[in-house]
Amino acid sequence: MSETEHTSTSYIKHHLQNLQVCSTQEGWQFNTAENPTLCKGNFNTINVDSMFFSLLLGFIFLWMFRRAAKKATIGVPGKFQAFIELVIEFVDTNVKDTFHGKNKLIAPLGLTIFVWVYMMNLMDLIPVDYIPTIAHAIGVPFLKVVPSTDVNVTFAMSISVFILILFYSFKIKGIKGFTKELTLNPFNHWAAIPINIVLEGAALIAKPISLSLRLFGNMYAGELIYILIALMGVYQLPLHFGWSILHLLVTFLQAFIFMMLTIVYLSLAHEDH
Amino acid sequence: MDFNMTLLGQTIAMIVFVWFTMKYIWPHLDAAISERQEKIADGLAAADRSQHDLELAQKKAAETMREAKDKAAELLDQAKKRHAEIVDSAKDDARGEADKIKVGAQAEIEQEVHRAREELRKQVSALAVAGAEKILQRSIDASAHADILDSLVAEL
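Those sequence lines, one after another, are chains Z and H.
By our numbering, the letter at position 193 of the first sequence is numbered 378, and the numbering carries on one by one without gaps.
By our numbering, the letter at position 7 of the second sequence is numbered 41, and the numbering carries on one by one without gaps.
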């Protein structure tokens, strides 16, 4: 009994371990099956699998859309172009519904976030053992194929969005306006300034954290459930199917929410009182 | 939940992706879509316009047709009238001609009658003279009673 428990624990742990490379005293080293936590706590670490898959998916996204953009005709579009335009229209409608200012960045940003996150989430639908098994066969000890289950990936996006929020807040409202917003809201009285700073500061900081943790939490939990289902032997088949149907919705929803909230936050940053 | 340099790598990747999308993808597709929308709007407007034109043309065609019918009916009327006139005048002409012929014939008949009467008168007078001559041959000289005979002839 303890034997199986041990193997399930190690199975789960194995699946949740990134392939990492970090700089140690002996130069750059990969973590190995013998020492999986070699890079734990070391900031000079790169999660090779997250980087590889997210960049791969990102380039597929760019390649697809660039191809459509190059061949874009004003006449009757082909099916591929129609599909790409469908995505563009979807993002554009959402941006136009929410954001009323003039900004050339927000729509492409929304598109990139939406498609990229969606593609990263969709990696979850590949059965959990397929790619790691292949990787194992060629000597790669760990491989997490869903980049959005890596906090680094989700936080990288949300921090970029946060920097944009700050940038536009300062740009549109000015230093004075933005400071006023932080200090004289929600209680417009000089004595309430400390409370206001705490409240507004928390609200501001909560934006990127909630943004990234929501995506990370959903995808991590989803992946974990896939791993648990994979432990169940033959019974995993119907369960896996059911969970995949649900997850199909989750992947889309999370990508959509990430995009939508980015647009909402940026349009809030553009609002000048 | 351990943060590491992947964060930076991902941030750079994201910036590059967004920049690429902003520069090389979004404007092309957006322009294509808006242009097509314009084109479709124009096409629809043109379709509406041509529909309107078609309606006008149909109306015009119907009007022309009606005019043509009216004209044809008018022509037909005129033709009928003319025909009646021609028939009438032909009748008149024929009647006049017939009258003329009749008058000519009557005159000829009268002439003939007159001539026949003259002839008859001459013959009767000659016969009378011959009879009287036969009667008087025995008694009187014809030349002495010629004036009486002439007056008799005139009386016939």
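Even glycine gets a Cβ: it sits at the ideal position worked out from N, Cα and C.
This structure is a prediction, so every number in the text was calculated from the model and none was measured.
Problem set entry | Environment of Z/Asn-220 [buried if 16+ CB atoms lie within 10 Å] | Classification of Z/Asn-220: exposed, given that the 10 Å Cβ count is below 16.
Problem set entry | chain H contact residues for Z/Lys-461, given Cβ-Cβ distances below 7 angstroms | Nothing in the structure corresponds to residue 461 of chain Z, since chain Z is present only between 186 and 458.
For this session: Using a Cβ cut-off of 8 angstroms (strictly closer), state whether H/Thr-55 contacts chain Z.
Result: Answer yes: the Cβ-Cβ gap between H/Thr-55 and chain Z drops below 8 angstroms somewhere.
Exercise. Name the chain Z residues that come within less than 8 angstroms of H/Gly-77, Cβ to Cβ?
Worked result: For H/Gly-77, none of the residues of chain Z pass the 8 angstroms Cβ criterion, the least Cβ distance being about 11 angstroms.
For this session: Would you please verify whether the beta carbon of H/Met-39 is less than 8 angstroms from any beta carbon of chain Z?
Result: yes
Problem set entry | Local conformation of H/Gly-165 per DSSP, three classes | helix
Problem set entry | Short-range partners of chain H found in the region 226-260 of chain Z, where Cβ spacing is below 8 angstroms | Gly-226, Asn-227, Phe-228, Asn-229, Thr-230, Ile-231, Asn-232, Ser-235, Met-236, Ser-239, Leu-240, Gly-243, Phe-246, Leu-247, Phe-250, Arg-251, Ala-253, Ala-254, Lys-255, Ala-257, Thr-258, Ile-259, Gly-260
Problem set entry | Collapsed DSSP secondary structure at Z/Gly-226 in the structure displayed | Z/Gly-226 falls in the coil class under three-state DSSP.
Exercise. Would the region 305-323 of chain Z and the region 225-233 of chain Z be scored as touching if the rule is three or more Cβ pairs under 8 angstroms?
Worked result: no
Exercise. Relative to the C-alpha of Z/Pro-332, which residue among Z/Ile-390, Z/Phe-426, Z/Gly-402, Z/His-455 is closest?
Worked result: It is Z/Gly-402.
Exercise. So is Z/Ile-269 in contact with chain H if we call contact Cβ pairs under 8 angstroms?
Worked result: yes
For this session: Identify the continuous beta strand (DSSP E) that holds H/Ser-177 and give its terminal residues.
Result: First-last for H/Ser-177: undefined, no H or E at that position.
Exercise. Taking Cβ positions only, does H/Ala-81 come closer than 8 angstroms to chain Z?
Worked result: Residue-level contact by beta carbon fails for H/Ala-81 and chain Z, as no gap is shorter than 8 angstroms.
Problem set entry | Boundaries (first-last residue) of the beta strand (DSSP E) holding Z/Thr-209 | 205-209
Exercise. Can the beta-carbon of Z/Ile-311 be found less than 8 angstroms from the beta-carbon of Z/Val-330?
Worked result: Yes, the Cβ-Cβ distance between Z/Ile-311 and Z/Val-330 is below 8 angstroms.
Exercise. Beta-carbon of Z/Ser-354 versus every beta-carbon of chain H: anything under 8 angstroms?
Worked result: No, no contact with chain H.
For this session: Compute the beta-carbon to beta-carbon distance between Z/Phe-372 and Z/His-199, rounded to the nearest angstrom, for a pair I have assumed lies under 8 angstroms.
Result: With a Cβ gap of about 52 angstroms, Z/Phe-372 and Z/His-199 do not count as contacting.
For this session: Return the CA-CA distance between H/Asp-87 and Z/Leu-433, expressed in angstroms with no decimal places.
Result: If I take the Cα positions, the gap works out to 52 angstroms.
Exercise. Nearest CA to the CA of Z/Asn-306: which residue from Z/Leu-446, Z/Val-449, Z/Leu-431?
Worked result: Z/Leu-431
Exercise. Are the Cβ atoms of H/Phe-54 and Z/Leu-294 separated by less than 8 angstroms?
Worked result: no
Exercise. Is the distance from the Cβ of Z/Thr-334 to the Cβ of Z/Met-404 below 8 angstroms?
Worked result: yes
Exercise. Looking at C-beta atoms only, is the number of pairs between the region 389-400 of chain Z and the region 335-345 of chain Z that lie closer than 8 angstroms three or more?
Worked result: With the cut-off at 8 angstroms, the region 389-400 of chain Z and the region 335-345 of chain Z touch.
Problem set entry | Test: Z/Pro-297 CB closer than 8 angstroms to a CB of chain H | In the sequence as displayed, the identity of residue 297 of chain Z is Thr instead of Pro. Closer than 8 angstroms: yes.
Exercise. In three-state terms, what does DSSP make of Z/Gln-214?
Worked result: strand
Problem set entry | Proximity of Z/Gly-386 and Z/Leu-369 at Cβ, strictly below 8 angstroms | no
Problem set entry | Contacts around Z/Ser-452, its chain only, beta-carbon distance under 6 angstroms, and the 5 residues preceding and following it disregarded | Only Thr-283, Phe-284 meet the Cβ criterion.
Exercise. How should H/Ile-49 be labelled, buried or exposed, when 16 other C-beta atoms within 10 angstroms of its C-beta is the threshold for buried?
Worked result: exposed
For this session: Give the straight-line distance between the Cα atoms of H/Ala-139 and H/Arg-129, rounded to the nearest whole angstrom.
Result: 15 angstroms
Problem set entry | Secondary structure of Z/Ile-231, DSSP reduced to three states | Strand, per DSSP.
Exercise. Using the rule of at least 16 other Cβ atoms within 10 Å of the residue's Cβ for burial, across every protein chain shown, is Z/Thr-209 buried or exposed?
Worked result: exposed
Problem set entry | Contact list for the region 297-320 of chain Z against chain H, Cβ threshold 7 angstroms | Thr-297, Trp-301
For this session: Using a Cβ cut-off of 8 angstroms (strictly closer), state whether Z/Glu-456 contacts chain H.
Result: With 8 angstroms as the cut-off, Z/Glu-456 does not count as an interface residue toward chain H.
Exercise. Quick one: is H/Glu-89 near chain Z, going by C-beta distance under 8 angstroms?
Worked result: Contact of H/Glu-89 with chain Z is not assigned, every C-beta pair being separated by 8 angstroms or more.
Exercise. From the beta carbon of H/Gly-43, is the nearest beta carbon of chain Z less than 8 angstroms away?
Worked result: yes
Problem set entry | Residue range of the alpha helix (DSSP H) that includes Z/Pro-293 | In the DSSP assignment, Z/Pro-293 falls within the unbroken alpha helix (DSSP H) covering 291-307.
For this session: Confirm, please, whether the CB-CB distance from Z/Pro-393 to Z/Ile-344 is below 8 angstroms.
Result: yes
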